[in-house]
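Comments concern the structure below.
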Amino acid sequence: MISLYFHPRSKKIASLLLGLIRIQGGASSFVSHNTKSALFSHSKNLLTYPNRAFFGASSDNNSNMSDEVAAAKAAAVQYKSSDADGAGPETVFDNILSGKWPSDKVYEDDTVLAFRDINPQAPVHIIVIPKHRDGLTKLSNARNDQEGILGHLMFVAQSVGKKECPDGFRIVINDGEHGAQSVYHLHLHVVGGRQMGWPPG
């Protein structure tokens with residue numbers, strides 16, 4: 128038996144998100160099908176498990192973990208079957224960088240973009256990516272000449288984390304299938320706004 132507690136803030140956010148989906152309806156030019164699905168999924172989680180969004184605890188962690196692992200395995204298959212030039216398949220980040228898909232941007236310069244994750248795993252969850260992938264499909268593919276961009280990504284991540292999470296934050300990089308990487312464009316997760324647990328997974 129799961130005891131539900133409907134946090135007022137969770138209910139308000141969920142209602143706003145669901146309202147946006149209903150209002151937009153079929154207006155795919157404003158809200159894509161994938162975005163609406165993600166918003167609906169996150170809204171359900173807020174209504175059913177408000178502690179997951181604000182305190183990081185819920186009874187469906189195992190289900191969420193298996194979903195992420197399944198997505199990572201599928202992405203690994205797609206990556207391995209893509210062109211052998213090391214560029215990797217197109218990703219969701221290509222659509223964000225081109226402006227085809229909207230993003231909640233928190234930082235941008237000539238080489239790096241940082242934006243809020245559409246499916247946050249904590250009150251603060253920001254993605255930091257290089258604008259030009261240049262073979263950086265994953266961290267383990269980094270070349271010697273890419274030390275500069277790797278350092279800059281980390282510097283931007285800590286700068287964003289320090290600003291958004293003054294009490295501390297976590298930086299995560301998933302690498303490859305066993306690292307549960309689901310998007311083959313190097314990216315750093317900046318996660319915080321609550322107490323992190325250990326070990327991470």
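In this text, residue positions in the sequence shown follow the numbering used here: the first is 128, and each later residue adds one.
Ideal Cβ positions, reconstructed from N, Cα and C, are used throughout, including at glycine.
In this text, all values refer to a predicted model and were calculated from it rather than measured experimentally.
For residue j and residue i, the rounded distance between their alpha carbons
i: Ser286; j: Ser193; result: 32 Å
i: Ile223; j: Tyr311; result: 14 Å
i: Glu291; j: Thr238; result: 21 Å
i: Ile245; j: Gly278; result: 25 Å
i: His252; j: Gln205; result: 26 Å
i: Gln248; j: Val318; result: 8 Å
i: Asp221; j: Ile276; result: 18 Å
i: Asp294; j: Gly320; result: 8 Å
Residue i, enclosing alpha helix (DSSP H) - first and last residue
i: Val287; result: 274-291
i: Val219; result: 219-225
Minimum C-alpha distance to residue i - residue among the options
i: Leu240; options: Ala269, Met281, Lys265; result: Met281
i: Pro326; options: Ala199, Gly303, Arg297, Ser309; result: Arg297
i: Ala203; options: Gly319, Gly306, Gly320; result: Gly306
i: Asp302; options: Leu266, Asn271, Gly278, Val255; result: Leu266
i: Trp228; options: Val219, Tyr234, Glu235, Asp236; result: Val219
i: Pro91; options: Asp261, Ile253, Pro250; result: The first residue shown for the chain is 128 and the last is 328, placing residue 91 beyond what the model contains.
i: Met323; options: Pro250, Ile254, Gly275, His259; result: Pro250
i: Val196; options: Arg321, Glu304, Gly320; result: Glu304
i: Ile254; options: Lys207, Asp231, Pro293; result: Asp231
Short CB-CB distance (under 8 Å) between residue i and chain D
i: Val204; result: Chain labels in this structure do not include chain D; a single protein chain is all it has.
Same chain only: Cβ atoms within 6 Å of residue i, ignoring 5 sequence neighbours per side
i: Val299; result: His316
i: Ser309; result: Ala198, Ala199, Ala202
i: Ser225; result: none
Own chain partners of residue i with C-beta closer than 7 Å, once the 5 adjacent residues on each side are dropped
i: Leu263; result: Pro257, Ala269, Gln273, Leu313
Cross-strand partners of residue i (DSSP beta bridge)
i: Pro257; result: Val239
Delimiting residues of the beta strand (DSSP E) encompassing residue i
i: Arg297; result: 296-299
i: Leu263; result: Taken as a continuous stretch (DSSP letters only), Leu263 belongs to no beta strand (DSSP E), as it is neither H nor E.
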